[in-house]
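Novice: Protein chains in written order, with the UniProt record's numbering: chain V, 1 to 147; chain F, 1 to 147; chain A, 1 to 147; chain D, 1 to 147.
Take a look at this one; I'll ask things after.
If you want it as structure tokens, here you go:
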């Protein structure tokens, strides 16, 4: 049985195949209609030359959050591919843990636009470290791009 | 002695501190004035849900190539931080090896703009898989951001 | 006397020198600390080939809203230049009137990041037609870039 | 008779409906397969507060050049809509005349990516003032978006 509303199941199954997220230690922590959260601890193996979390790793987690946010608003047979994104690095990626949120800004049958925000979280208030806007394409009927 | 022209030495030393590049298996293969190349083999641990190289990993390598391209045109005391970048994913990240090139488009004393291109390389002709435009900031006199 | 808090006066004076805004019929309608609104009526002379408001005109008004939002959070001697922006066109630029809002996302002494949203407004609810993220640079001590 | 190769005729007819280009004085000067050039003189009515050509006007001309570059590689029944673009303002828009070139980087049946460059031209060598990357969507079968 395919439940059209079971985006949580679809996303958990798809996320489990994201080896890159496993490699960087990023875990899916919240799945709502149109909104995704991913969290990961700081890890020295993911740093750039000054010891901060690498901008590309921040982008990887934000892109995944935005992509799955888009995936929550598609029909079960569709897949999502990122066409492009822009990221602004607002503060150095310093912190004990990081939270990445992706939200759908504009749903659509072919193109979905999502916005993401990355935060360093610890004892004090969360600090905004990056923002993303991503354009996602809804893919159907391609055997090599499913789920 | 600090040789103002020894950007190769500065970049090799800085790149060696990029733990994220080591983690994804990306190696610095070419350093010229205004231009950097980085190469890495395909690795299943860096894939997204369809088995392609993750867009965020492509971005990490392209951002590093663009950042060091900027670093080749600064004075030795300066450091580079990425302010923002945009990446277009032009073809799925499929291939045996990948080449990432960053080139300075506009040098400057405070802001440097660089463009990057990512290619899947194998037996046939190289295939363009992504393009990036990044805005880099030249940092001076900050103890936490050096090299 | 220069009142450090009189960003409204500074912005009105600077906006009055924006000939491009006059040409497209865009009027400054709201100035708050960190936030700017600009409004303009639809005008056939600003259309693209399908009769919608041209994406570049939408960008011009959004960039101006984002730039002046940045200007509200600088000291009176500074000026603002746009380094780069990205705009997503979310719906065709159809409508009787348009509202463009720019908000500062990240203030800074050298770099300010602002986000903008454009809406078509009429009798019904406002419709989001575009979003922007822009990176602004704070300029000081350059005679050719003042106000 | 519709000649599939007559992209020059299609583009001239479509460009003639671009009232925004007429308003800013921008003329189509070169149409090749995958490449478009547009030129315009400096006009004080298109300036921002420091007297330079407004970033939004630069974007309008670059977006048009990129959009029509995409249009040269589609079938005659298709139309082009800009989904998103990013522009970097590399130097102030100062000069007597401006040249805007758009080139297709990646053709496609649904998504086309194009890159643009803007130059200030005069007596000396042309000066690069801005670069753009734009994502275009190929539209078919929509009555309100034709040509």
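By construction, the Cβ of each residue, glycine as well, lies at the ideal position given by its N, Cα and C atoms.
From the DSSP output, in three-state form, read off residue 67 (chain V) for me.
Specialist: Correct three-state label for residue 67 (chain V): helix.
Novice: Which of helix, strand or coil does DSSP assign to residue 101 (chain V)?
Specialist: Here residue 101 (chain V) sits in strand by DSSP.
Novice: Taking Cβ-Cβ distances shorter than 7 angstroms, what residues in chain V pair up with residue 86 (chain D)?
Specialist: Here the neighbours are 86.
Novice: Which whole-angstrom value describes the C-beta separation of residue 68 (chain V) and residue 129 (chain V), a residue pair presumed to lie in contact below a C-beta threshold of 8 angstroms?
Specialist: Actually they do not touch by this definition, with Cβ atoms about 20 angstroms apart.
Novice: Strictly under 9 angstroms for the Cβ-Cβ distance: is residue 132 (chain D) near chain V by that measure?
Specialist: So no, residue 132 (chain D) is outside the interface.
Novice: Cβ of residue 35 (chain D) within 9 angstroms of Cβ of residue 104 (chain D)?
Specialist: Contact: yes.
Novice: Who pairs with residue 35 (chain A) in a beta bridge, going by DSSP?
Specialist: DSSP, once it has assigned bridges, lists A:32 and A:103 as partnering residue 35 (chain A).
Novice: Within 9 angstroms of any Cβ in chain F, is that where the Cβ of residue 83 (chain A) sits?
Specialist: Answer yes: the Cβ-Cβ gap between residue 83 (chain A) and chain F drops below 9 angstroms somewhere.
Novice: Residue 155 (chain A): which of A:86, A:111 and A:95 sits nearest, CA to CA?
Specialist: Only positions 1 to 147 of chain A appear in the structure, and residue 155 (chain A) is not among them; the question remains open.
Novice: Is residue 133 (chain A) helix, strand or coil by DSSP?
Specialist: Note: residue 133 (chain A) maps to strand in three-state DSSP.
Novice: Do you know whose CA, among D:117, D:98, D:109 and D:33, lies nearest residue 6 (chain D)'s CA?
Specialist: Measuring from the Cα of residue 6 (chain D), the nearest candidate turns out to be D:33.
Novice: Enumerate in chain order the residues of its own chain whose CB-to-CB distance from residue 30 (chain A) is below 6 angstroms, with the five nearest sequence positions on each side excluded.
Specialist: Once the five neighbours on either side are set aside, the close Cβ partners of residue 30 (chain A) are 37.
Novice: Helix, strand or coil for residue 139 (chain V), going by three-state DSSP, please let me know.
Specialist: DSSP places residue 139 (chain V) in strand when its eight states are reduced to three.
Novice: Where do the N-terminal and C-terminal ends of the alpha helix (DSSP H) with residue 85 (chain A) fall, by residue?
Specialist: Looking at the DSSP string, residue 85 (chain A) is not in any alpha helix (DSSP H); the run it does join, the beta strand (DSSP E), is 79 to 89.
Novice: Would you say residue 56 (chain V) faces chain F, with C-beta separation under 9 angstroms as the test?
Specialist: Cβ-Cβ to chain F under 9 angstroms: yes for residue 56 (chain V).
Novice: So, is the C-beta of residue 105 (chain V) closer than 9 angstroms to a C-beta in chain A?
Specialist: Yes, residue 105 (chain V) lies at the interface with chain A (some Cβ there is under 9 angstroms from its Cβ).
Novice: Rounded to a whole number of angstroms, what is the C-alpha to C-alpha distance between residue 60 (chain V) and residue 87 (chain F)?
Specialist: If you take the alpha carbons of residue 60 (chain V) and residue 87 (chain F), they lie about 12 angstroms apart.
Novice: Do residue 110 (chain V) and residue 64 (chain D) have their CB atoms nearer than 9 angstroms?
Specialist: No, they are not a contact pair.
Novice: Where does residue 3 (chain D) sit, in a helix, a strand or coil, going by DSSP?
Specialist: Caution is warranted here: a pLDDT of 49 is assigned to residue 3 (chain D), below 50, making its placement in the model unreliable, and the coordinate value is therefore given only provisionally. Residue 3 (chain D): coil per DSSP, three-state reduction.
Novice: Between which two residues does the alpha helix (DSSP H) containing residue 118 (chain D) stretch?
Specialist: First-last for residue 118 (chain D): 111 to 121, but that is the beta strand (DSSP E), not the alpha helix (DSSP H).
Novice: What in chain D is Cβ-close to residue 113 (chain F), meaning under 8 angstroms?
Specialist: Residues of chain D passing the Cβ test: 88, 90 and 131.
Novice: Using only the alpha-carbon positions, how far apart do residue 136 (chain D) and residue 79 (chain D) sit?
Specialist: Cα to Cα, the separation comes out at about 10 angstroms.
Novice: Mapping the DSSP letters down to three states, classify residue 47 (chain A) as helix, strand or coil.
Specialist: Three-state DSSP puts residue 47 (chain A) in a strand.
Novice: Within a Cβ cutoff of 6 angstroms, which residues of the same chain sit near residue 126 (chain D), ignoring the five residues on either side of it in sequence?
Specialist: Excluding positions up to five away in sequence, the list reads 119.
Novice: Restricting to Cα atoms, I'd like to know which of D:14, D:138, D:62 and D:21 is closest to residue 81 (chain D).
Specialist: For the residues D:14, D:138, D:62 and D:21, the minimum Cα distance to residue 81 (chain D) belongs to D:138.
Novice: Look at the Cβ atom of residue 17 (chain D), then the Cβ atom of residue 51 (chain A), and state whether they are nearer than 9 angstroms.
Specialist: Yes, they are a contact pair.
Novice: Residues of chain V with a CB under 9 angstroms from the CB of residue 137 (chain D): which are they?
Specialist: The contacting residues are 110 and 111.
Novice: Could you check whether the Cβ of residue 74 (chain D) sits closer than 9 angstroms to any Cβ belonging to chain A?
Specialist: Output row for residue 74 (chain D): interface = no.
Novice: Just how far apart, CA to CA, sit residue 19 (chain F) and residue 89 (chain F)?
Specialist: C-alpha separation (whole angstroms): 24 angstroms.
Novice: For residue 20 (chain F), report the span of its alpha helix (DSSP H) as first-last.
Specialist: Per DSSP, residue 20 (chain F) belongs to the alpha helix (DSSP H) from 19 to 24.
Novice: Which residue or residues does DSSP assign as beta-bridge partners of residue 53 (chain D)?
Specialist: Bridge partners of residue 53 (chain D): D:47.
Novice: So what does residue 41 (chain F) bridge to, in DSSP terms?
Specialist: F:97.
Novice: Using a Cβ cut-off of 9 angstroms (strictly closer), state whether residue 145 (chain V) contacts chain F.
Specialist: Yes, because at least one Cβ of chain F sits closer than 9 angstroms to the Cβ of residue 145 (chain V).
Novice: Residues of chain A with a CB under 7 angstroms from the CB of residue 17 (chain D): which are they?
Specialist: Chain A residues near residue 17 (chain D): 49.
Novice: How many angstroms separate the CA atom of residue 107 (chain A) from the CA atom of residue 70 (chain A)?
Specialist: For residue 107 (chain A) and residue 70 (chain A), the distance between alpha carbons rounds to 7 angstroms.
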